[in-house]
Each structure stands twice: as C-alpha cells, then as structure tokens.
Amino acid sequence: MKLLTVSPSPHIKGDESVKKIMYGVVLSLIPALIASTFFFGWQALMITAVSVASCVIFEHLFQRYLLKGESTIQDGSAVITGLLLAFNVPSSLPIWLVILGALIAIGVGKMTFGGLGQNLFNPVLVGRVFLLISFPVQMTSWSANSAVDAFSGATPLGVLKEGLKSGQSVSQLLPNLPTNFDLFYGSMTGSLGEISAVALLIGGLFMLYKKIITWHIPVAVLGSMFILQGILYLVDPELYINPLFHILSGGAMLGAIYMATDMVTSPMSVKGQLIYGAAIGIITICIRNFGAYPEGISFAILIMNAVVPLINNYVKPTRFGGQA
Amino acid sequence: MLKTFKIGGIHPAENKLSANASIQALAIPKTVYIPMAQHIGAPATPLVKKGDMVKVGQMIGKASGFVSANIHSSVSGKVKKIDQILDSSGYKKDVVVVDVDGDEWEETIDRSSDLVKEITMTQDEIKARIAEAGIVGLGGATFPTHIKLSPPPGNTAEVLVINAVECEPYLTADHQIMLEKGEEIMVGVSILMKGIGVSKAIIGIENNKKDAIDHFKKLAKAYEGIEITPLKVQYPQGGEKQLIAATIGKEVPSGALPIAVGAVVNNVATAYAVYEAVQKNKPLFERVVTVTGKSVSKPCNLLVRGGTPIQDLIDEAGGLPEDTGKVISGGPMMGKAVVNLEIPSAKGTSGILIMQDTESAREKMDACIRCSKCVKACPMGIEPYLLMSLAEKSMWEQSENRNVMDCIECGSCSFTCPSNRPLLDYIRLGKGTVGQIIRSRRS
Numbered sequence: 005m006k007l008l009t010v011s012p013s014p015h016i017k018g019d020e021s022v023k024k025i026m027y028g029v030v031l032s033l034i035p036a037l038i039a040s041t042f043f044f045g046w047q048a049l050m051i052t053a054v055s056v057a058s059c060v061i062f063e064h065l066f067q068r069y070l071l072k073g074e075s076t077i078q079d080g081s082a083v084i085t086g087l088l089l090a091f092n093v094p095s096s097l098p099i100w101l102v103i104l105g106a107l108i109a110i111g112v113g114k115m116t117f118g119g120l121g122q123n124l125f126n127p128v129l130v131g132r133v134f135l136l137i138s139f140p141v142q143m144t145s146w147s148a149n150s151a152v153d154a155f156s157g158a159t160p161l162g163v164l165k166e167g168l169k170s171g172q173s174v175s176q177l178l179p180n181l182p183t184n185f186d187l188f189y190g191s192m193t194g195s196l197g198e199i200s201a202v203a204l205l206i207g208g209l210f211m212l213y214k215k216i217i218t219w220h221i222p223v224a225v226l227g228s229m230f231i232l233q234g235i236l237y238l239v240d241p242e243l244y245i246n247p248l249f250h251i252l253s254g255g256a257m258l259g260a261i262y263m264a265t266d267m268v269t270s271p272m273s274v275k276g277q278l279i280y281g282a283a284i285g286i287i288t289i290c291i292r293n294f295g296a297y298p299e300g301i302s303f304a305i306l307i308m309n310a311v312v313p314l315i316n317n318y319v320k321p322t323r324f325g326g327q328a
Numbered sequence: 034m035l036k037t038f039k040i041g042g043i044h045p046a047e048n049k050l051s052a053n054a055s056i057q058a059l060a061i062p063k064t065v066y067i068p069m070a071q072h073i074g075a076p077a078t079p080l081v082k083k084g085d086m087v088k089v090g091q092m093i094g095k096a097s098g099f100v101s102a103n104i105h106s107s108v109s110g111k112v113k114k115i116d117q118i119l120d121s122s123g124y125k126k127d128v129v130v131v132d133v134d135g136d137e138w139e140e141t142i143d144r145s146s147d148l149v150k151e152i153t154m155t156q157d158e159i160k161a162r163i164a165e166a167g168i169v170g171l172g173g174a175t176f177p178t179h180i181k182l183s184p185p186p187g188n189t190a191e192v193l194v195i196n197a198v199e200c201e202p203y204l205t206a207d208h209q210i211m212l213e214k215g216e217e218i219m220v221g222v223s224i225l226m227k228g229i230g231v232s233k234a235i236i237g238i239e240n241n242k243k244d245a246i247d248h249f250k251k252l253a254k255a256y257e258g259i260e261i262t263p264l265k266v267q268y269p270q271g272g273e274k275q276l277i278a279a280t281i282g283k284e285v286p287s288g289a290l291p292i293a294v295g296a297v298v299n300n301v302a303t304a305y306a307v308y309e310a311v312q313k314n315k316p317l318f319e320r321v322v323t324v325t326g327k328s329v330s331k332p333c334n335l336l337v338r339g340g341t342p343i344q345d346l347i348d349e350a351g352g353l354p355e356d357t358g359k360v361i362s363g364g365p366m367m368g369k370a371v372v373n374l375e376i377p378s379a380k381g382t383s384g385i386l387i388m389q390d391t392e393s394a395r396e397k398m399d400a401c402i403r404c405s406k407c408v409k410a411c412p413m414g415i416e417p418y419l420l421m422s423l424a425e426k427s428m429w430e431q432s433e434n435r436n437v438m439d440c441i442e443c444g445s446c447s448f449t450c451p452s453n454r455p456l457l458d459y460i461r462l463g464k465g466t467v468g469q470i471i472r473s474r475r476s
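Same order as they appear, the protein sequences are chains G and H. Residues in the first sequence are numbered from 5 upward in steps of one, following this note's numbering. Residues in the second sequence are numbered from 34 upward in steps of one, following this note's numbering.
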C-alpha cells in the first residue's frame, strides 16, 4: 500500500494566500488610478508605470544580490509599493525623482529590515517623506488638474494654511477653496492618488468586502480626525475649518484607507488598531492646524509605525473568559 | 439574529457529503481489536485472557483510576490474544483481540427497538449505570461521562448544554442520529438532566441542520425543560467553551471547567448512548461513524462495532480511492491522521475522512505579513503569530504570559493563515513545554 501522509491538524486550509491579498489590493487601486489618469492625463499613468517598474526591479536586485535570497517580486507587495508611491507624489514630479523614491522605499524602507513582513515603517511613506524633505520644491509643485485650473499651484490645504497664516479668516478663504463635493469627486489639486475620495472609498469598500482590511483602522483615523476637528470648529469656526473638509482633502483618505492599514506596520489586535488609528487622526489634525506643513498624515502614520511594537506588547486582544 | 460565540471563529467549507445517508449497520468483522484506552485518562485493565469466550456487551476491561472508563466487548467469540497495536494517536496501546463467532448478546440487554420513555432509576442509579456502561463523550474528546455528572464540591450545575453542533466539516454522524433517533435522544437528555440534578437543558444545533432543528423542536414540546437553540454556522461552535458562550451567554474563565458557570456539556450522541445504557441496559460498544471524502464513492454513516479495523469502514464506503493522500480519524480541523488502516475504530471515532493527495499536501510557508487574521480568528483571544515566534525562539516564560495554555487547538489560526504558517504546530510545542514547566513548578 502506498504511504499515507501523517501530519498534525488542521488538515484543511482556507483559500487565503499572500498573493491573493496583495493582488486584491492592486485591484482595489484601479478606481484611483483611473481617477488620477482622468484628472492628470497620461503623465499620471507614466509616473505610475515608472514607479511600479522601479519598485519591482529594485526589490528583485536587492533580494537576489544583497540579501542573496529568492526573489520575492511575484508576491505582489512591490507592485503595491510602486502604485502607492506614485499616488503619493505630484503629477509633475521629474521621473528621476520617482525612481529615487522607489529606491529609498524598497531599499531603505523594506529591504534593510529583511524584506516583506519585517519592516518597521511603511516603505511607501519612507520613500515619500524622503522625497518631501529632500526635494520640497519638486514635491510641492502641483500641475493643473484638468478639472480645476483655478487651483493649480497649491493644494486646498496649502491655500488654507497660507491664508490663515496671512491673517485671513476661514469664511474669507472659503470662496477660494473647493466645496466638499468637489473634494469628494476629485476636483482639487494634489498628489496623483489622493484627489478623488470617491475612488478611494470604492477601493476601500472592495478591500473590506474581500476581507483584506477591516473597518477598524480607517474608521479610527477618519473618525478621530472628524471629532477633533469638529471640536476645534465648534470652538472657533473662523480659525478652524469644518471637519468634513479635513477628512476629504489632502492625503486623509489615501492615508486612512491604504497607508495606515498596511498590514506589516499596523498593530495585530483590534484594540491596538483602534488606538493606532485614533492616534494617527489626532496627530494629523494637530500637524495640519498647528504645524509647519499643511499636510500631516504621512508623518502621523510614520510616527505611529514606530509605536506599533509597543502597542503589540501592551495591548493584548480580548481574552476569552478573562482579562486581557 | 442567530446565537453564536463572540470572539474569533472561521467558516470552512462544509462538505457534508454524507448528509442524506441513513445509518446502516456495518457487517461484523471476523476479528476485532478492542482498545483498552478508548477514553481520556488511565486505560482500562483487561478482565479476560486468551481463550476466554465473550458475549456482546460483556465487560472485558475495568476502569482503573478516577478518570477512566469500562470497556465492553462489541462482538461474541473467543479471545485470541491480548496484544499491543498502534491506535489513532500513533502510539502502541493494549488491545483485546477477539475472533468473532456468531453474534450472541448478553441476555440483560434489551435489543428491541421499543421506545422506553419512563425513567425509573434514581439519580444515583443513573450515575452508577452510566459509569458501568463505559460511556464517554462521543464528540471526540472521550472524557468519561460519569465524572461530569458529579460536580466537584462547591459547584452546582444549573443547566445541561447538549452539543448537537457538529461543526467539523464533512462529519454527519450526529446529524443523522438526530434525525433517526430523536425520541431516544430526548429521553437520554432527560436522563442526563435527572442524573445531574438540573431542570433545564439547552440543545445547541448549527443552522446548517434545519431538518434536525425542526424535528427536535417538535419533539421537545413533549419533554419538560428541554429547549432547542439554533446557532449560527461558525467554527469552532462545538468547542465546549464556545458552545456555552453561544447558548447561555457566559464565558468559562480561563483554566476553569464549565461547571464554574453552572453548565455541564454533553454531546448529542452521548445522550443517545445514555438512553441505551439506562433504558436498554446496553453498554457503549458501538457508535455511528461518518466515512467520507471527496473521492470516496459512497460517503456514508455507519453503525460500527468498536474495534473494527478502519479498513473495513473504508471498504463499505467503496474502498480507498486511488488518489488518497491522507486518512484522518475525526474531522479535518481536529482529527488525527492515521498511520495505517489496521487501526481499530473506538468510542471516540466520529468519522473517517479520506483526503486526496492534492488536499493533504501542505503548501510552502511564506513570511508572516502580520495580517492579524490569526488573531481575529482565534476563539480564545490569544495571539497565534506571536506564540509561534515565541516557540521558535524557546521563549517559554513569555509564551505562558501570553496565555498559550488557553489554546483549545481548534486550528482556526493555521486554517486562516495566508502565508501557510504552521501556527498550531508551534503552539502545541509551546503548550506542551509550558505545561511541563507549570507541573514541575507545582511539584
């Protein structure tokens, strides 16, 4: 008789796989890619293609020749890094900077820690923040969004920040800002992937449906932003704009749905995820209102990435039949 | 909303291929190998020797020690020898080998199919009879039933919870016995209630067995204090602690027994065995076993005499398929892969699952992507990913602090892991080692 396999239970496995998760995320980014192409034209597609190709190639090279291991590009994680990196830069960014960003994202953000699953910080944000700090001019030169010529030059958050700094009140600035509907639809200036809240929401719902993410982190990020900004708004609506504007503008949606939910760099327990998400929202609102940058979610996420090991250590899941 | 437990859980494909197969008695084999250890605890001591003649239902193994159960012969014939063979645990165990000769039963056993409704025994008589009949939990854990009927001092039972969940994919033995032996089960539940001294019983059934739920709801009207609770289909609903949480909404504290929240849990097939033992004077020596698998030509539910080699069960289901990779005693989530097909069936054998080569191969392990699916799937609220790394690094103190001993080995974590990480394998290693450390600390 032929030999039987003997192995411990369980003897069956669900149909989840790393590849399936990663390509699920890629699929969910398609609406945002379409939106960015629609608003910024072929330039957007070009940047995205270069970013994805660079990330995949760099990952292959690092994996094979630096870590001397098997190439892991087929798992799809480098494709996501490439897509999201492109979504985090302006459409007018010089191509060589896109490639440099990809090198930093994969090389410094991911491979120095040992590759997939090991990195402490979100590789995309490592790449993005590197570019933002090193090349601030190129990273904040916004080319015209075909839908809103009037706002080329500065993002809504930038207009708001500059205006408030020069002593104008929110009600004086509002006519110069896109409406909440414009923000929701995508009629604003900004990075490739962050402009259309509706496209990002569709992608987020798809990921929820596919159980790639759960609601906890995005809701905690956007919810805490909304509540904190809401309080500020109630305190002084002339100094602090309405909370809906904040969650629809800048990188809030992209950050809450795609960057903060990065599995590798977010906490493992549900309670931990809620704490992590809420902290990101609070830090973001603080930077946006009181900091030097008009935007802040990238910094907020990176700061909280550093706190994740602590959260994992101290915030345990709810234990059955007892305390955590 | 259907009731269920609150933390974790998964939903594997059900694959109940034998769902409509009525129970058929398997022919008695020429030789049976009756294990002396068909329960958790100390093996029974053989009462017979080579050359003895035995009858069906005759006690041939005496319980030895507090946690132990009697063993009865499932056939009549001559004791060939007392030997040691591998059982489903993979270890050699004592077996009484009987060469079958006819089918002569002990005269005291009522073999008629008449339903005996009236319960004449007192509480103590019921307990004694259940112990005498060697009844153990038939859900798979095989804990001796009579011990459950006598709560430790300081605890009182308030409710009997009957586990009719059958949440393991593929298995249908309990489902079928509910459809065919419903009245007997109701009487068995009433006997258990009397034996434990409670006035309330809840039968929890997963909602994928609607016919059984309807059938039981109708029957229960005629019985005092028996309630049917349909449950959401969610694995591991049949876990004792999960079932209690789902049915009475109380969580058994970590490290405690169900009695700590006033509950006693028994399997539905156990209730049937109790009926037979108390009303028909029939000890536990046969049970219903599901024989199934995707390539199996006749998935079926068989009434099997204890000690029958599982090869015979497989032959009845159409033989071992060409593409067999693994044979499992029990269900796919918690069952044990067997080493060979000479292994005898026992009281705890709820199913024989034949898996194809392709199904039984383990996939290549990838890096942990920290997706936290294992944490969300864990019904005990522990952290499988972390316990695996702690076990890999032999960090036992941290494993203990992270509640490794709470693991019920349901396998939800390994099932759900997209990186194919053998989480439960490592957690078992952790549990074993931490358990030893705890025991040595106590002594």
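The beta-carbon is built from N, C-alpha and C at its ideal position, and this holds for glycine as well. Small disclaimer: the values here were computed from a predicted structure and weren't measured.
C-alpha of S107 of chain H to C-alpha of E47 of chain H: approximately 32 Å in a straight line.
Among the residues of the segment 239 to 262 of chain G, none has a Cβ less than 7 Å away from any Cβ of chain H.
P222 of chain G has a beta carbon lying at 8 Å or more from every beta carbon in chain H. Of the residues G:P179, G:F188 and G:V22, the one whose Cα lies closest to the Cα of G80 of chain G is G:V22. Here A102 of chain H has H72, A96, G167, V169 and P177 as same chain residues with Cβ atoms under 6 Å from its own Cβ, once five neighbours each way along the sequence are excluded.
Using a Cβ-Cβ cut-off of 7 Å, H64 of chain G is close to nothing in chain H; its nearest Cβ partner there is about 16 Å away. Here A260 of chain G is buried: its Cβ has 16 or more other Cβ atoms, across all protein chains shown, within 10 Å. Taking a beta-carbon distance threshold of 8 Å, M211 of chain G does not count as an interface residue toward chain H.
Against chain G, the CB of F448 of chain H has a partner CB under 8 Å away; the residue lies at that interface.
For N436 of chain H, the chain G residues whose C-beta falls within less than 9 Å of its own C-beta are K320, R323 and G326, listed in chain order. Between S121 of chain H and I347 of chain H, the alpha-carbon positions lie close to 15 Å from each other.
Contact of D439 of chain H with chain G by beta-carbon distance below 9 Å involves R323, F324, G325 and G326. Secondary structure at H44 of chain H: coil, using DSSP grouped into helix, strand and coil. Straight through space, the alpha carbons of P127 of chain G and V360 of chain H are spaced by roughly 45 Å.
According to DSSP, residue pairing for Y308 of chain H in a beta bridge does not occur. Residue state for G110 of chain H is assigned as strand, using DSSP reduced to three classes. In this structure the segment 301 to 311 of chain H lies against the segment 204 to 220 of chain H, because at least three pairs of beta carbons, one per stretch, are closer than 8 Å.
For C401 of chain H, the closest alpha carbon among the candidates H:S452, H:T391, H:G351 and H:I415 is that of H:S452.
Residue contact check for V29 of chain G against chain H: no CB pair falls below 8 Å. When the Cα atoms are used, E430 of chain H and E416 of chain H turn out to be separated by approximately 15 Å.
Within chain G, the residues whose beta carbon sits less than 7 Å from that of Y418 of chain H are M272, listed in sequence order. Nearest CB-CB separation between G368 of chain H and chain G: below the 8 Å threshold. The C-beta separation of L129 of chain G from L101 of chain G comes to about 16 Å, leaving the pair out of contact by the 8 Å criterion. For Y418 of chain H, the uninterrupted alpha helix (DSSP H) segment begins and ends at P417 to E425. Contact check for V112 of chain H and V81 of chain H: beta-carbon distance about 5 Å, within the 8 Å limit, so the pair qualifies. Of all residues in the segment 108 to 121 of chain G, the ones placed with a Cβ closer than 9 Å to any Cβ belonging to chain H are G118, G119, L120 and G121, in chain order. Taking C-beta separations shorter than 6 Å and ignoring five residues to either side along the sequence, the partners of M211 of chain G in its chain run S32 and I217, following chain order.
The C-alpha of L104 of chain G lies about 32 Å from the C-alpha of Q277 of chain G. Between G444 of chain H and chain G, the shortest Cβ-Cβ separation is below 8 Å. A161 of chain H: member of the alpha helix (DSSP H) spanning Q156 to E165, first to last residue. The CB of V56 of chain G never comes closer than 9 Å to any CB in chain H; the least such distance is about 19 Å. A distance below 8 Å separates the beta carbons of S378 of chain H and G340 of chain H. Chain G places a beta carbon closer than 8 Å to that of R395 of chain H, counting this residue as a contact. For secondary structure counted as the beta strand (DSSP E) over 3 or more consecutive residues, the segment 324 to 397 of chain H holds these complete runs in sequence order: 333 to 338, 357 to 362 and 384 to 389. Of the other Cβ atoms in all chains shown, 16 or more fall within 10 Å of the Cβ of A77 of chain H; this residue is therefore buried. G:G18 is the residue among G:V10, G:G18 and G:L7 whose C-alpha sits nearest the C-alpha of C446 of chain H.
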